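Heads up: the sequence shown begins at -3 in the numbering used here, then just goes up one per residue.
Single-structure report; data block below.
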Amino acid sequence: MCGTDRENSRINGRENCEECGSKSIEEGVSHYHCGNCGIQLESLKYDTCYTFPSEVKTTRRTNSSSDLGSQIGIDKSSSYQSRRLAALQDRHSRRNLSYTDKIVKEAEIANLSPSICLKVADIISKANSRMELTHNRDGMIGLQLISTREDRSQYRRRVYAIAALELLNRNLESEAIQVLEIASEWGIDKSDISQAIKLINKVSISVNDRLSVSDMNNQTKDPSIIRNDELNHFLFNFQDHLCEIINFDSAKGIIASAIEILSKEGEPIGNASFINNEGKYRNMSPQKASMETIIDSMIHLGYSDEIIKCFFNKKPVPGMTWVNSRLGRRRRALVED
-3 MCGTDRENSR INGRENCEEC GSKSIEEGVS HYHCGNCGIQ LESLKYDTCY
47 TFPSEVKTTR RTNSSSDLGS QIGIDKSSSY QSRRLAALQD RHSRRNLSYT
97 DKIVKEAEIA NLSPSICLKV ADIISKANSR MELTHNRDGM IGLQLISTRE
147 DRSQYRRRVY AIAALELLNR NLESEAIQVL EIASEWGIDK SDISQAIKLI
197 NKVSISVNDR LSVSDMNNQT KDPSIIRNDE LNHFLFNFQD HLCEIINFDS
247 AKGIIASAIE ILSKEGEPIG NASFINNEGK YRNMSPQKAS METIIDSMIH
297 LGYSDEIIKC FFNKKPVPGM TWVNSRLGRR RRALVED
């Protein structure tokens, strides 16, 4: 059932025509019309032609729609050859969902908007262009408590769906997705989400197709937009490494604090109301600016030197060797400020 069919069903379920009371509804060029008096009722919605995975029929196609010939009927008296031929046709006349469609279907089950499902489909189809997600069998923490094969497969699909939603959530402002709520409802381990995000990003980079909402929307290459994209890239890449040391919520809190610091210094990120070309980080690379503000945020939030150094050494940044040798001096300087 496509978008037009769903809209027809919704329109037909309404009350009678306000003018003449007729229940007859007809679809015109741009509006729905009353079939009796002809008055315009409601404008037609734009049909994206997108078909949700759950709307793809998985049962065997009948002779009215199958392109493999008429249906082969069998009964108890049918010969072995007839039964075998019927089984062969049954197998080849089924439409099976691809692994990408199955992942998108999980996002659909979460009652997300069609526009979000389309973007998830875009991310997953690109990440799985070489079947990396389909063939990936890396261990997942959440699988340890699941016994049945089907449930394990569904868990893995849902992890990828959540990872795609998290990638979208990092750049969406007008339509934020409650990723953590969905992940909690599905019982998804946060470490599995982090690893899935890394995998998707790794695959994307390998095919020179870095996934980001800004790229999908073809934003202009304004310097402030480029700076924003690069800062977001490094901040959320570092967040993935933080999740290996501390819990997911704490990692997001650190990144949020780092974004606030950057914003106050006039960097084009977060809720910055202005761009200050004389800010503290103006001459720093996005990578160094991101790491430095993360370190400062961890100090402000009371993390120990041991945890900070452990994080930094997972992804060391050139020009910041002071983290391993003069972190105490950095703490004292921040306290004085």
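C-beta: ideal position from N, C-alpha, C; glycine also.
Since we're looking at a predicted model, the values are computed, not measured.
Inset, instruction - Assign Ala192 to buried or exposed, taking buried as 16 or more other Cβ atoms, counted over all protein chains shown, within 10 Å of its Cβ. - result: buried
Legend entry - Sequence-distant residues of the same chain with beta carbon closer than 6 Å to Glu15, five excluded per side: Cys33 and Ile35
Legend entry - Cβ-Cβ distance between Leu347 and Phe307 below 8 Å: Residue 347 is absent from the structure shown; the chain starts at -3 and stops at 333.
Inset, instruction - Going by CA-CA distance only, name the one from Ser109, Ser39 and Trp318 that's closest to His27. - result: Ser39
Inset, instruction - Tell me whether the beta-carbon of Met287 lies closer than 8 Å to the beta-carbon of Met316. - result: yes
Inset, instruction - Quick one: residues in its chain with C-beta nearer than 7 Å to the C-beta of Arg153, no 5 flanking neighbours on either side, listed in chain order? - result: Lys98, Ile99 and Glu102
Legend entry - Start-to-end residues for the beta strand (DSSP E) that takes in Leu37: Gln36 to Ser39
Inset, instruction - Give a yes or no on contact between the stretch 183 to 200 and the stretch 131 to 139, applying the rule of three or more CB pairs nearer than 8 Å. - result: yes
Inset, instruction - Verify whether the separation of the beta carbon atoms of Leu297 and Ile265 is less than 8 Å. - result: no
Inset, instruction - Please confirm whether Ile257 and Asp292 have their CB atoms less than 8 Å apart. - result: yes
Legend entry - From Gly17, Ser321 and Val116, residue whose alpha carbon lies closest to that of Leu161: Val116
Legend entry - Exposed unless 16 or more other CB atoms sit within 10 angstroms - verdict on Leu84: exposed
Inset, instruction - Measure from the alpha carbon of Glu263 to the alpha carbon of each residue in Glu146, Ile221 and Ala247, then state which is nearest. - result: Ile221
Legend entry - Alpha carbon of Ser259 to alpha carbon of Gly135, nearest angstrom: 38 Å
Legend entry - DSSP beta-bridge partners of His29: Glu22 and Gln36
Legend entry - With 16 other Cβ atoms within 10 Å as the buried cut-off, status of Ile255: buried
Legend entry - Close Cβ partners of Asn320 (< 8 Å) along its chain, the five nearest in sequence each way excluded: Lys305, Phe308 and Asn309
Legend entry - Simplified DSSP assignment, three categories, for Asp118: helix
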